[in-house]
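Here is the structure we will look at, set down as structure tokens.
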């Protein structure tokens, strides 16, 4: 029985950007012209970010909306007010 030689399937994971109906690779691919590939899409919706990413995205959003120094003074002033009852012995 003759042994049939096959080329191994090459699997490579890349990042790509969607432009209209096209998938544009973000890195060079060494594939033959007019070759066919199988594409598996792993998509993470834009709203699903990690807590760290959400924190970084929010940085600077309050700029100009809140007087940060006045807010800090108010917080520290409120910390000086005691809401505990006096303990009598």
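In the numbering used here, the protein residues as written are 11 to 99.
A virtual CB, placed ideally from N, CA and C, is assigned to each residue, including glycine.
Distance CB(residue i)-CB(residue j) smaller than 8 Å
i	j	result
residue 27	residue 37	no
residue 59	residue 69	no
residue 41	residue 49	no
Residues that DSSP places opposite residue i in a beta bridge
i	result
residue 26	35
Delimiting residues of the alpha helix (DSSP H) encompassing residue i
i	result
residue 52	First-last for residue 52: undefined, no H or E at that position.
residue 77	Taken as a continuous stretch (DSSP letters only), residue 77 belongs to no alpha helix (DSSP H), as it is neither H nor E.
residue 61	61 to 68
Closest Cα partner of residue i within the set the options
i	options	result
residue 23	73, 51 and 62	51
residue 54	29, 25 and 39	25
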